[in-house]
Amino acid sequence: MFSKRTGNSFVRHRTTDTNLILERSINRVQLLGRVGQDPVMRQVEGRNPVTIFSMATNEMWRSGEGEPTSTGDVSQKTTWHRISVFKPGLRDVAYQYVKKGSRILVEGKLDYGEYMDKNNVRRQATTIIAASRIY
């Protein structure tokens, strides 16, 4: 039911309750934006490789928006996302063809995790796990 990520292992809630109702949920993300850096492929010993790159999405609005005659200045906010591609075919295509500045659509899911940085400080990270499409 709930999961807690500890390092790289998952701990799942277990129950013997036979009346438990299994519910489906949705964790789906679509991002359309520009790639911030050429992808890199990383591999941790004993694990499959992963292709990683950053992606920017922009939100634009005009001050006074919503008013009948909106003539205000245009403002923009850029949000950066970390994209990880584990799926073998998709991972290799992303590594080979995605380049800095490319405008792409990524479909996947959100993943929240923790890692230890080089100073042995626990950090939290949010990643988009690309699942089905990058184009």
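Under this note's numbering, the sequence shown has 39 at position 39, and the numbering climbs by one with no breaks.
Think of the CB as a built atom: it goes at the ideal place given N, C-alpha and C, for glycine as much as any other residue.
As the structure is a prediction and not an experimental result, all values here were calculated from the model.
Close Cβ partners of residue i (< 6 Å) along its chain, the five nearest in sequence each way excluded
i           : result
residue 6   : Any reading at residue 6 must be qualified, since the residue scores a pLDDT of 46, below 50, and its modelled position is unreliable; no value is offered.
residue 30  : 107
residue 94  : 39, 51, 85 and 134
residue 43  : 49
residue 41  : 49, 51 and 95
residue 112 : 126
residue 120 : none
residue 103 : 34
residue 91  : 51 and 85
residue 77  : 59
residue 80  : 54 and 56
Residue i: first and last residue of the uninterrupted beta strand (DSSP E) it sits in
i           : result
residue 122 : 122 to 134
residue 50  : 50 to 62
residue 114 : 103 to 116
residue 24  : Careful: residue 24 lies outside any beta strand (DSSP E) and carries neither H nor E.
residue 33  : 29 to 35
residue 44  : Element bounds for residue 44: n/a, residue is neither H nor E.
residue 77  : 74 to 85
Close beta carbons around residue i, own chain, < 8 Å, minus the five adjacent residues each side
i           : result
residue 116 : 122 and 123
residue 38  : 53, 98, 99 and 100
residue 72  : 62, 63, 64 and 65
Cβ shell of residue i (< 7 Å), same chain only, five flanking positions each side left out
i          : result
residue 9  : Interpretation of residue 9 is limited by its pLDDT of 47, a score under 50 that renders its predicted location unreliable; no figure is taken from the coordinates.
residue 61 : 75
Residue range of the alpha helix (DSSP H) that includes residue i
i          : result
residue 90 : 88 to 97
Expected contact under 8 Å - CB spacing of residue i and residue j to nearest Å
i          : j          : result
residue 35 : residue 99 : 7 Å
| request: Please confirm if the segment 124 to 131 is in contact with the segment 81 to 99, defined as three or more CB-CB distances below 8 Å between the two stretches. | output: As far as the Cβ criterion goes, the segment 124 to 131 touches the segment 81 to 99, which means the pair count is three or higher.
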